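Protein chains in written order, with our numbering: chain A, 324 to 434; chain B, 179 to 291.
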């Protein structure tokens with residue numbers, strides 16, 4: 324079967340520290356993976372994606388790592404800020420037409 | 179900044195009634211999606227739509243669901259006979275050709291009583 328899931332439901336991080344959110348997937352045929360951020364009462368917001376032929380991709384304060392050997396994806400947020408508090412979903416895209424979302428990790432930033 | 183717009187923000191309906199959820203995707207996007215999110219759970223794919231037809235649908239998207247693009251800007255999701263378990267947040271999303279980024283609307287909270 325196919326599944327995209329997350330190791331931890333809640334992650335608490337001190338403001339200014341780095342955050343690492345993990346995701347496991349089972350389907351090797353995915354074209355690329357996406358991280359979404361969902362703030363309370365809002366729709367998911369695209370953060371960053373990574374193609375299946377890449378190992379690492381960096382954005383502004385975020386880095387996504389893809390380990391295809393163990394089918395593992397991570398999102399690293401540098402210098403976590405209060406505005407980073409949200410639920411983070413990994414999602415996989417296969418082909419053109421749909422995204423499969425994981426169960427989500429809630430990130431809490433502690434002042 | 180362009181955005182996906184959904185209306186209404188909250189819809190309360192009686193069980194067995196029909197509801198239509200409205201979405202205005204970003205104007206130059208060609209791929210459209212509906213997702214739902216039951217409270218506290220993950221975002222679930224319902225259906226994708228491209229070139230005026232359904233591209234793919236999930237097992238959730240049964241005969242009580244339908245989608246339509248009635249004109250050049252709107253994209254609707256109809257639930258024919260609502261059930262209590264249809265209560266959820268429904269998100270519309272759109273995506274441009276060649277981009278991996280799907281833009282989501284703010285969602286419509288559907289409450290079936």
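A virtual CB, placed ideally from N, CA and C, is assigned to each residue, including glycine. Predicted model only: the values in this text are computed from it and were never measured.
Quick one: does residue 340 of chain A have its CB under 8 Å from some CB of chain B? Here residue 340 of chain A is taken as the residue at index 17 of the first chain, counted from 1. Not one chain B Cβ lies under 8 Å of residue 340 of chain A.
Report buried or exposed for residue 415 of chain A, applying the criterion of at least 16 other Cβ atoms within 10 angstroms of its Cβ. If you number the first chain from 1, residue 415 of chain A lands on position 92. Label assigned to residue 415 of chain A: buried.
Closer than 8 Å at the beta carbon, the chain B residues around residue 372 of chain A: If you number the first chain from 1, residue 372 of chain A lands on position 49. By Cβ distance, chain B contributes 278, 279.
Count the other CB atoms, across all protein chains shown, that sit within 10 Å of the CB of residue 264 of chain B; report buried if there are 16 or more and exposed otherwise. As a first step, residue 264 of chain B is located in the second chain; it is residue number 86 there, counting from the start. Burial call: buried.
Residue 372 of chain A by DSSP, collapsed to three states: which one? One-based indexing of the first chain puts residue 372 of chain A at position 49. Strand.
Specify the secondary structure class of residue 246 of chain B as computed by DSSP and reduced to three states. By 1-based counting over the second chain, the position of residue 246 of chain B is 68. Strand, per DSSP.
Flag residue 367 of chain A as yes if its beta-carbon sits less than 8 Å from any beta-carbon of chain B, otherwise no. Sequence index remark: in the first chain, residue 367 of chain A carries index 44 (1-based). Yes, contact with chain B.
Beta-carbon proximity check, residue 221 of chain B vs residue 356 of chain A, cutoff 8 Å: Position 43 of the second chain, counting from 1, holds the residue named residue 221 of chain B. Position 33 of the first chain, counting from 1, holds the residue named residue 356 of chain A. No, Cβ-Cβ distance for residue 221 of chain B and residue 356 of chain A is not below 8 Å.
In chain B, what lies closer than 8 Å to residue 425 of chain A by C-beta? Numbered from its first residue, the first chain carries residue 425 of chain A at position 102. Within chain B, the residues near residue 425 of chain A are 220.
For residue 207 of chain B and residue 184 of chain B, which I take to be in contact (beta-carbon distance under 8 Å), what is that distance rounded to the nearest angstrom? Numbered from its first residue, the second chain carries residue 207 of chain B at position 29. Numbered from its first residue, the second chain carries residue 184 of chain B at position 6. Actually they are not in contact, since the Cβ atoms of residue 207 of chain B and residue 184 of chain B sit about 14 Å apart, beyond 8 Å.
Which runs of the beta strand (DSSP E), 3 residues or longer, sit entirely within the region 361-405 of chain A? 368-374, 379-381, 385-390, 395-400
Are three or more beta carbon pairs between the region 248-260 of chain B and the region 187-196 of chain B nearer than 8 Å? yes
For residue 374 of chain A and residue 384 of chain A, I'd like the C-alpha separation in whole angstroms. By 1-based counting over the first chain, the position of residue 374 of chain A is 51. By 1-based counting over the first chain, the position of residue 384 of chain A is 61. Spanning the two alpha carbons is a distance of roughly 19 Å.
Name, please, each residue of chain A whose Cβ falls closer than 9 Å to the Cβ of residue 284 of chain B. Position 106 of the second chain holds residue 284 of chain B. Simply 364, 365, 366.
Distance cut-off 7 Å: residue 237 of chain B Cβ against heavy atoms of the ligand HEM: This structure lacks the ligand HEM, and indeed carries no ligand of any kind.
Short check: CB of residue 224 of chain B to CB of residue 210 of chain B, under 8 Å? Here residue 224 of chain B refers to the residue found at position 46 of the second chain. Here residue 210 of chain B refers to the residue found at position 32 of the second chain. Contact: no.
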